[in-house]
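Trainee: Supplied in structure tokens, the structure appears directly below.
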Amino acid sequence: MPLSRPGQAARRLAAVALLLAAAVGCGDAGGLEGAGSTPTAQGPARLWPELTPASSPAFEIGEVNTEVVKGVKVPGDDIRRVDPVGIVRAEIARHPGEYDGGEAPYRDTKRRMAECGKGAGHGRCPVLRPYYRDLTGDGRDDLTLGFPLLPGKTTAVRVYTVEKHRLVQVMAWEDALSGVELAGRSLVIRSPSEVAGYEYRLQWTWDRDQRAMLLTHDEMLRTGPRKHSRQPSASPTAAPSLSPSASGSASVSGG
């Protein structure tokens, strides 16, 4: 039988009485104690709302960096059958001003390409060991490739996929490297910073609309030990691991 309105009110009063009794009991020895005042949370504050929002970027930085690699065939649409050394040779041929001649900035890279007879990752060949993983989500392997830009201290990192029977470069970056990782379907590059105890961490992830690997994260992170504070942090959190072995569905495989 449903309770009448007076009956419902009586039940509410009884419940309130029980809650009050429980609250009084918590004040006894061995019970719960107050943790003190809680810092007031501050939400985001919009600055200069009178400014007109920009509709176009101030600088052209090549955020969508794709290019069909001409002169390199993909047998059976299998990227593993493409010679990584041949890919780098094709890039060198496309940019003679950067590799040809005694004054070219990357002249030593081209010179050492003559030592790639045994393939990438062997001896003094500048082409590093290739890595294969599905980064685009189409169920087929893509290729991550790197080679130093000699005689300097930077390294070129490239990602390639196969589209319409053609080899397509979908990501390109050059920097001084402190680490490179494949995490899930993302490529993570760590580079040293001029600030002691910090490094840059950049992450590229495949974008289906742009058909390219886009720079989705750009951070400066602490790498050195933290100075101990007198008061502990209010909400310490651990940074997630991005090592290839802890990544998602696909595993890294080298050539």
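According to mature numbering (1 follows the signal peptide of the UniProt record, and there is no 0), the residues represented by the sequence shown are -29 to -1, 1 to 226, in order.
Glycine included, each C-beta is placed from N, C-alpha and C at the ideal position.
Note that the structure is a prediction, hence the values are computed from the model and not measured.
#1: Check whether the Cβ atoms of Ala183 and Thr37 sit closer than 8 Å, and answer yes or no.
#2: Do you know offhand how far Glu165's Cα is from Gly195's?
#3: Please return the same chain residues whose Cβ sits closer than 7 Å to the Cβ of Asp112, not counting the five positions on each side in sequence.
#4: May I ask which residues mark the beginning and end of the beta strand (DSSP E) holding Thr187?
#5: Measure the CB-CB distance between Arg156 and Gly108 and report whether it falls below 8 Å.
#6: Starting from Thr132, trace the beta strand (DSSP E) in both directions and tell me its first and last residue.
#7: Enumerated in chain order, which unbroken segments of the alpha helix (DSSP H) with a length of 4 residues or greater are wholly contained in the region 74 to 129?
#8: Residues in its own chain within less than 7 Å of Arg100 by CB, not counting five upstream and five downstream?
#9: Looking at Thr125: is its Cβ nearer than 8 Å to the Cβ of Leu153?
#10: Check this for me: beta carbons of Val141 and Val45, under 8 Å apart or not?
#11: Could you pull the DSSP bridge partners for Glu34 from this structure?
#12: What do you get for Ile58, buried or exposed, if any count of 16 or more other CB atoms within 10 angstroms of its CB means buried?
Mentor: The answer reads as follows:
#1: yes
#2: 13 Å
#3: Ile50, Arg51, Tyr103, Arg104, Asp105
#4: 183 to 193
#5: yes
#6: 125 to 134
#7: 78 to 83
#8: Ala91, Gly92, Gly225, Gly226
#9: no
#10: no
#11: Answer is none; Glu34 lacks a bridge partner.
#12: buried
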